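Chemist:
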Amino acid sequence: MDSKSIRYSNTRLLVDQIGGVSNFAEKIGKGQSQASQFAGTNPIKGIGNKVAREIEEAFGKSHGWLDIPHEEEIEKLESNVSAPFPIAGRLIPVISWIQAGTWTTADSIPVDTQFNEWLPPNPKCGKNGYGLEVVGESMLPDFRPTDKIYVNPDFQVSDLKTGDLVIVACEGESKATFKKLIIEPNGKYLEPLNPKWHEKIMELDEGCKLVGKVVGLYRDV
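Read left to right, the sequence shown gives residues 7 to 227 (our numbering).
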């Protein structure tokens, strides 16, 4: 492994330990876009000496720490041997409902996008999953305002069934919506879970697209 690869590997170790590039960028005092260029999953530049020393100082590492392989720390992080409740996988970014209506996968997210919140890993999200914060009361009582939901955008529409919870984006609307899916021989319909909601069952129009399947719930207690 060359020196460039060693620096990148150690930097990614720190990124994983602190919970993603957004937190890493804040820790070292740089913008997320700038940090993503050398610390993201697809870096476009190497880590120079000045930045390397800044990273070491920010994380309380000794001078030159970034230039020495630390395989044992990487193995420890991956196996979570010291954690009483191991959590495997990547942290899940929380995006807005407007973004959910325009992005089909996380691969299409601009590199300079800044996320203000992350959810714990959920393997059901897949590699491109994201989180959304529930707004409104249409999905009460199961989903309350400020709840977070996990969304997997990489699903097969043919595998969906009645009762699945989905994210829908419609032409002419700036935000995506969250509803229960109903599949009938004559078409697909959307239904809020709240029995008191003013809109009941709505037909899934041709201008609407299923963009995500809800696979989990995260709620603060």
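Ideal placement from N, C-alpha and C gives every residue a C-beta, glycine not left out. Computed from a predicted model, the values in this text were never measured in an experiment.
Are there three or more Cβ pairs, one per stretch, closer than 8 Å when the stretch 119-129 is compared with the stretch 193-201?
Modeler: No, the stretch 119-129 is not in contact with the stretch 193-201.
Chemist: Please classify GLU62 as buried or exposed, where buried requires at least 16 other C-beta atoms within 10 Å of its C-beta.
Modeler: One-based indexing of the sequence shown puts residue 62 at position 56. Label assigned to GLU62: buried.
Chemist: Throw me the rounded Cβ distance for the ILE12 and ASP73 pair, which I believe falls under 8 Å.
Modeler: If you number the sequence shown from 1, residue 12 lands on position 6. If you number the sequence shown from 1, residue 73 lands on position 67. Yes, they are in contact, since the Cβ atoms of ILE12 and ASP73 sit about 6 Å apart, within 8 Å.
Chemist: Within a Cβ cutoff of 7 Å, which residues of the same chain sit near HIS76, ignoring the five residues on either side of it in sequence?
Modeler: Counting from 1 along the sequence shown, the entry for residue 76 is found at position 70. Hits under 7 Å: ASN16, LEU19.
Chemist: Give me whichever residues DSSP pairs with TYR14 in a beta bridge.
Modeler: Here residue 14 corresponds to residue number 8 of the sequence shown, with the count starting at 1. Paired residue(s): none; TYR14 is not in a bridge.
Chemist: Just the C-alpha distance for PHE161 and LEU171, rounded to the nearest angstrom, thanks.
Modeler: Position 155 of the sequence shown, counted from the start, is the residue given in the question as residue 161. Position 165 of the sequence shown, counted from the start, is the residue given in the question as residue 171. Between PHE161 and LEU171, the C-alpha separation is close to 12 Å.
Chemist: Return the chain-ordered ranges of every beta strand (DSSP E) run that is complete within the stretch 95-182 and spans a minimum of 3 residues.
Modeler: DSSP runs (the beta strand (DSSP E)) wholly in the stretch 95-182: 136-139, 154-158, 171-176.
Chemist: Alpha carbon to alpha carbon, how far is GLY26 from PHE65? Give it in angstroms, no decimals.
Modeler: Working through the sequence shown from its first residue, we reach residue 65 at position 59. Working through the sequence shown from its first residue, we reach residue 26 at position 20. Near 14 Å, if we compare the C-alpha coordinates of GLY26 and PHE65.
Chemist: If you run the structure through DSSP and keep just helix, strand and coil, what is LYS202?
Modeler: Indexing the sequence shown from 1 puts residue 202 at position 196. Three-state DSSP puts LYS202 in coil, outside helix and strand.
Chemist: Considering just the uninterrupted stretch of the beta strand (DSSP E) at SER62, what are its terminal residues?
Modeler: As a first step, residue 62 is located in the sequence shown; it is residue number 56 there, counting from the start. The question names Ser, yet the displayed sequence has Glu at residue 62. Here GLU62 belongs to no beta strand (DSSP E); instead the alpha helix (DSSP H) covers 55-64.
Chemist: Between which two residues does the beta strand (DSSP E) harbouring GLU197 extend?
Modeler: Here the question's residue 197 lines up with position 191 in the sequence shown. Per DSSP, GLU197 belongs to the beta strand (DSSP E) from 193-197.
Chemist: Using DSSP with H/G/I as helix, E/B as strand and the rest coil, what is LEU210?
Modeler: Working through the sequence shown from its first residue, we reach residue 210 at position 204. The answer is coil: DSSP assigns LEU210 none of H, G, I, E or B.
Chemist: Given this structure, state the Cα-to-Cα distance separating PRO92 from GLU32, to the nearest angstrom.
Modeler: As a first step, residue 92 must be located in the sequence shown, where it is residue number 86. As a first step, residue 32 must be located in the sequence shown, where it is residue number 26. Note that PRO92 scores a pLDDT of 42, beneath 50, so its modelled location is shaky; the value from the coordinates is reported in the next line. Answer to the nearest angstrom: the Cα atoms are 25 Å apart.
Chemist: Just to confirm, are GLY137 and VAL100 a CB contact at a threshold of 8 Å?
Modeler: Counted from its first residue, the sequence shown places residue 137 at position 131. Counted from its first residue, the sequence shown places residue 100 at position 94. For GLY137 and VAL100, yes; Cβs fall inside 8 Å.
Chemist: Considering only C-alpha positions, which residue in the set GLU139, LYS133, LYS219, PHE184 is nearest to SER164?
Modeler: Taking the first residue of the sequence shown as position 1, residue 164 is located at position 158. Measuring from the Cα of SER164, the nearest candidate turns out to be LYS219.
Chemist: Mind checking whether VAL221 and TYR156 have CB atoms under 8 Å apart?
Modeler: Residue 221 sits at position 215 when you count from the first residue of the sequence shown. Residue 156 sits at position 150 when you count from the first residue of the sequence shown. Yes, the pair counts as a contact, with Cβ atoms nearer than the cut-off.
Chemist: Figure out for me which residue from LEU146, LYS154, LYS51, SER42 has the closest Cα to the Cα of GLY135.
Modeler: Against the sequence shown, residue 135 aligns to sequence position 129. When each option's Cα is compared against that of GLY135, the closest is LYS154.
Chemist: Is DSSP giving PRO90 helix, strand or coil here?
Modeler: On the sequence shown, residue 90 is found 84 positions in, with the first residue counted as 1. Interpretation of PRO90 is limited by its pLDDT of 39, a score under 50 that renders its predicted location unreliable; the figure taken from the coordinates is listed afterwards. Coil, per DSSP.
Chemist: Please state the DSSP three-state secondary structure of LYS33.
Modeler: To locate residue 33, count along the sequence shown from 1; it is residue 27. If DSSP states are grouped into helix, strand and coil, LYS33 belongs with the helices.
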